[in-house]
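Notes to accompany the following structure.
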Amino acid sequence: MPGLHAAVDRVWEVPEPDRIYPEFLVTTHHIIRASVPLMTVARTRCAELARHGADPVAEALIPYWEHHIAEERGHDTWVCEDLAALGHDPGRVWRRIPSGAVARLCGVPYLWIGGQHPVCLLGYQAVLEGSPPRPDVAEVLGARTGHPRAAFRTLARHAAADVGHGAELLGLLDELPLEERLSAAVVRSALHTVRSVVRVFEELVQPYAPATHLGSEGAR
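Pasting the structure below:
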């Protein structure tokens with residue numbers, strides 16, 4: 001996913017990466033705190049589909065959601081701890097209204113879970129968990145920003161955990177008896193997620209980018 005990686009790289013290429021990092025954490029919190037509610041809705045919908053007719057995909061997803069919900073619960077608290085390590089008020093993440101780009105990223109999956117099939121959420125998760133941070137992310141960004149290593153625990157923990165999560169998810173996709181329609185829906189969800197994440201980072205970077213860069217962006 002070169003476009004996604006390039007968008008993330010631009011976050012840390014701004015002239016003052018130390019200033020953008022707290023905003024990066026706020027945005028990250030808005031995205032992470034949507035994870036458990038999304039999976040909970042998907043799990044409930046799978047149970048409904050399995051109860052009302054033969055749906056082997058929905059049946060197979062129920063234990064996956066239950067396990068993954070338990071794993072992901074509380075990750076938003078990590079972000080608040082990182083903000084506190086920077087000396088910022090963690091409560092700001094709840095006072096800030098998520099951006100329209102974040103709302104599109106995290107809101108569209110609800111439509112597909114209810115109107116198409118809960119398996120669509122796997123496309124969303126494959127993107128978010130399929131590109132984990134590098135293992136030395138805390139050291140690299142600590143050196144680049146001057147912030148303490150304790151402020152990068154969310155990224156460091158996801159660097160360790162998401163490798164396994166991504167492999168588990170891809171293995172699940174290989175095993176599911178997906179008909180062509182559902183396979184296409186998962187792909188569409190993944191592509192939408194990539195485009196949406198890129199847009200989230202573009203909006204995040206804009207206030208911190210050099211004026212010349214802003215001018216070229218505005219001319220497009």
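So for the sequence shown, full-length UniProt numbering puts the first residue at 1; every next one is plus one.
Quick reminder that beta carbons are idealized off the backbone N, C-alpha and C, glycines included.
Opening and closing residue of the alpha helix (DSSP H) in which residue i lies
i	result
R121	At residue 121 the sequence reads Leu, which differs from the Arg that was named. Per DSSP, L121 belongs to the alpha helix (DSSP H) from L121 to G130.
E203	E180 to V205
A58	P56 to E72
V140	V137 to T145
R51	S35 to H52
H75	H75 to A85
Residue i versus residue j: straight-line alpha-carbon distance, rounded
i	j	result
A84	P90	6 Å
G171	E202	32 Å
A151	E81	7 Å
V8	T28	12 Å
A167	G115	27 Å
L141	E72	24 Å
Selection from the options that minimises the alpha carbon distance to residue i
i	options	result
G87	R19, S183, E168 and G166	R19
H68	Y208, R10 and L169	L169
T77	V93, S196 and E66	V93
P56	A138, G3, L173 and R188	L173
H75	P118, S35 and V137	S35
P109	R45, E180 and F24	R45
With 16 other Cβ atoms within 10 Å as the buried cut-off, status of residue i
i	result
E129	buried
L105	buried
R149	exposed
H158	buried
H30	buried
Whether residue i touches residue j by CB criterion (7 Å)
i	j	result
Y21	T145	yes
T193	V127	yes
R96	V205	no
L122	V186	yes
E59	A47	no
Near the ligand PLP: residue i beta-carbon under 6 Å from a heavy atom
i	result
I97	The ligand PLP is absent from the structure shown, which contains no ligand whatsoever.
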